[in-house]
Amino acid sequence: MNIENMEAFVYINHYGSFNKAAEILFLSQPSVTARIQSLERELGCKLFERLGRQILLTEEGRRFLPYAQQMLQVLQKGRQQIQTVRTTPEELTIGCTLSVSHYILPSLLPRLKQRYPATRFKVATAATDQLVGRLLNKEIDMAFVRKVMNPSIRTVSSYEDPISLYVYADHPFASQAPGSVAALQGEPLVFFECGSLDWLRIHRVFESLPVPPDIAFQVDHAETARKLVLQQAGISLLPGLSVQEDVQSGRLIRIPLPELEGISLQTSLVTLKENQLHIASVTAELLRELDYFRPSVPLPEPIHF
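Quick note, the sequence shown lines up with residues 1208 to 1512 if you use this note's numbering.
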């Protein structure tokens, strides 16, 4: 039995139109009609009847429909399985920034290994500029980087991590939150400097103050800043992902400040445009399940028969 004839049958029923089915299947309307006639000859019965402008299934068509749908579903799953096998790499090198290495990969990698048990995973940690260069040189397969614009690079998913003020549980701000960033004057500050454009916005907020903040420590890693705050060496502006567990346990308290609303760090999962990795899409799916990433471009909904 010709699978293309059954596909035409299912699509006509789904859209209620020979013309629409022909458009979706990239065929002419007479070609679709010929496929249905061929299927009807094989089955020895009529599958559709016309009622005015409506296309309706006959009784025989209604009984045959679930079997045709099931056969198409089985075929589709088989195609997907073949595609997955063909696109499963023996080794995958993931580039990432230090924060992704600390806060995202420990949750992500075991899930990727479950999906691709035969794949060996390697991790290369570096700054965004270095990772972009290595991706373009095909030294790594995909990378987690800060926002990047390059005509050869495709963004698969992106995540915005809001930046907020965090204090230790015994700090006075924990019981009486300040109304503005001006209240930070005189407070020892642990300043995490990551060099992104969003942090330049924080610099501008501080520049508006009559008295500059007391930066007791300036560090280039969120983990260092986090531990200094936990040791009550100061308070700090940090991306939320780096202190998620501390906030849940009550060791650190988030202090909302209106001047910092909308300031965040963006991390993107990227690949080369020429390298349409199936595993990159799976990685994005797993990150969304972990509630880290969201699609950078909404994907069309598939048709379910």
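Don't be surprised by glycine CBs; every beta carbon is placed ideally from N, CA and C. No experiment lies behind these values; they were computed from the predicted model shown.
message = If you measure between the beta carbons of K1354 and S1475, is that distance less than 7 Å?
response = Yes, Cβ-Cβ distance for K1354 and S1475 is below 7 Å.
message = If I follow the unbroken beta strand (DSSP E) through I1301, where does it start and stop?
response = Bounds of the beta strand (DSSP E) holding I1301 are E1298 to C1303.
message = According to DSSP, is Y1274 part of a helix, a strand, or is it coil?
response = Y1274 sits in a helix when the DSSP states are folded into three classes.
task = Note down the Cα distance separating E1247 from L1263, rounded to an integer number of angstroms.
result = In a straight line, the C-alpha of E1247 is about 15 Å away from that of L1263.
ask   = Are there 16 or more other CB atoms within 10 angstroms of the CB of P1446, so buried, or fewer, so exposed?
value = The residue in question, P1446, is buried, as its Cβ has 16 or more Cβ neighbours within 10 Å.
message = Assuming V1477 is part of the beta strand (DSSP E), what are its boundary residues?
response = Taken as a continuous stretch (DSSP letters only), the beta strand (DSSP E) holding V1477 covers S1471 to L1479.
query = V1217: which of Q1276, E1297 and N1226 sits nearest, CA to CA?
reply = The shortest Cα separation from V1217 among Q1276, E1297 and N1226 belongs to Q1276.
ask   = How do the region 1433-1445 and the region 1373-1380 stand: do at least 3 beta-carbon pairs fall below 8 Å, yes or no?
value = Flag = yes, the region 1433-1445 and the region 1373-1380 touch.
task = For T1490, name the three-state secondary structure that DSSP assigns.
result = If DSSP states are grouped into helix, strand and coil, T1490 belongs with the helices.
query = Which term fits L1214, buried or exposed, when burial requires 16 or more other beta carbons within 10 angstroms of its beta carbon?
reply = In the sequence as displayed, the identity of residue 1214 is Glu instead of Leu. So E1214 counts as buried.
message = For L1467 and D1427, what's the separation of their Cα atoms in angstroms?
response = So the two alpha carbons sit approximately 20 Å from each other.
request  = Specify, as a first and last residue, the run of the beta strand (DSSP E) that T1332 falls within.
outcome  = Segment R1327 to T1332, the beta strand (DSSP E) holding T1332.
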